[in-house]
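In this text, residue positions in the sequence shown follow the numbering used here: the first is 1175, and each later residue adds one.
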Amino acid sequence: MSKSGRKVRIFSALEVANICGVVNQTAINWIRNGHLKAFTTPGGQYRIYTKDLAAFLDKRGMNASGEVLHVMMENANWNSLLIAMEYSANEDLKNRLGSYFNDFNIIQACNWFEVGRKMTEEKPGFILLDAGLSGVDISWFIKTVKEDPSFGKPFVFLLLDEYGSNIETKVDMILTKPLDVATFEAAVKEFEKQFPAASIA
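Listed below in structure tokens is the structure:
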């Protein structure tokens, strides 16, 4: 789905109350007391963006409903793959992936500034991250990407020099260099199958 095709889902206080299993006044109290970020319409009604509702649910340890998860996952561009690695390896890998991922928009980032910018602008559904890309705590980056609902819950693949390297992080799959493109393609296809199920879980 293209960026221009994304719809911003906004919830009313009553919808939030129903999602959380509370009465409407409780949701209003959360907003008034600063626990749940919201804005008001010209008519004085409270409205809540999906990302703010998801952040509230995460902070409170509450499970997001199927609708909230679905909207969060719609935020990601599931036809985009971000390759995050240094320039020469990035170019080589993009060329190798081209015939396997011809329906995908392959996005390249060669440093952490580009990674952050392209994550925000493009919201790729799939990220191939080289653990050797220095300059940022990779565990922190992956944790942020996986937990911040504004990124749409992308699938993250971590590429290591050798399996078992000491990186403590939660990724969807660990791969080793040199990348076996056929294995990577098969893994992406498996994760693509999970999207509809995950969005209504």
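Virtual Cβ for every residue (Gly too), placed ideally from N, Cα, C.
Computed from a prediction, not measured in an experiment: that's the story for all the values here.
Going by the CB atoms, is the gap between MET1347 and PHE1325 shorter than 9 Å?
The answer is no: Cβ separation not under 9 Å.
Apart from the five residues just before and just after GLN1282, which ones in its own chain have a Cβ nearer than 7 Å to its Cβ?
Excluding positions up to five away in sequence, the list reads ILE1257, ASN1264 and LYS1268.
Express the C-alpha separation of LEU1255 and VAL1330 in angstroms, rounding to a whole number.
Computed Cα separation, rounded: 10 Å.
Excluding sequence positions up to five away, which residues of its chain have a Cβ less than 6 Å from the Cβ of GLU1295?
Answer for GLU1295: no residue qualifies.
Output the distance between the C-alpha atoms of ALA1191 and ALA1201, rounded to the nearest integer angstrom.
Approximately 5 Å between the Cα atoms of the pair.
Where ALA1371 and VAL1355 are concerned, what is the direct C-alpha to C-alpha distance, given to the nearest angstrom?
With a pLDDT of only 41 at ALA1371, under the threshold of 50, the placement of this residue in the model should not be trusted; the figure read from the coordinates follows. C-alpha separation (whole angstroms): 26 Å.
Taking only three categories from DSSP, how would you classify THR1294?
Reduced to three states, the DSSP call for THR1294 is helix.
Tell me whether PRO1328 is buried or exposed, calling it buried when 16 or more other Cβ atoms sit within 10 Å of its Cβ.
It is buried - the Cβ of PRO1328 has at least 16 other Cβ atoms within 10 Å.
Answer with buried or exposed for ALA1212, where buried requires no fewer than 16 other C-beta atoms within 10 angstroms of its C-beta.
With 16 or more other Cβ atoms within 10 Å, it is buried.
Do you know whose CA, among TRP1204, LYS1344, ASP1304 and VAL1196, lies nearest TRP1314's CA?
Answer by Cα proximity: LYS1344.
Just tell me which of TYR1220, ARG1183 and LEU1302 has its CA closest to the CA of PHE1358.
Nearest of TYR1220, ARG1183 and LEU1302 to PHE1358, Cα basis: LEU1302.
Tell me the residue span of the beta strand (DSSP E) that contains ALA1283.
Per DSSP, ALA1283 belongs to the beta strand (DSSP E) from 1279 to 1283.
If you draw a straight line from the C-alpha of ASP1304 to the C-alpha of ASP1335, how long is it?
Roughly 9 Å between the two C-alpha positions.
Is it right to say THR1220 is buried, meaning 16 or more other beta carbons lie within 10 angstroms of its own, or is it exposed?
Sequence check: residue 1220 is Tyr here, not Thr. Classification for TYR1220: buried.
Just to confirm, is the Cβ distance from THR1224 to PHE1185 under 9 Å?
Their beta carbons are under 9 Å apart, which means THR1224 touches PHE1185 by this criterion.
So, with DSSP's three-state summary, where would you put SER1324?
Helix at SER1324.
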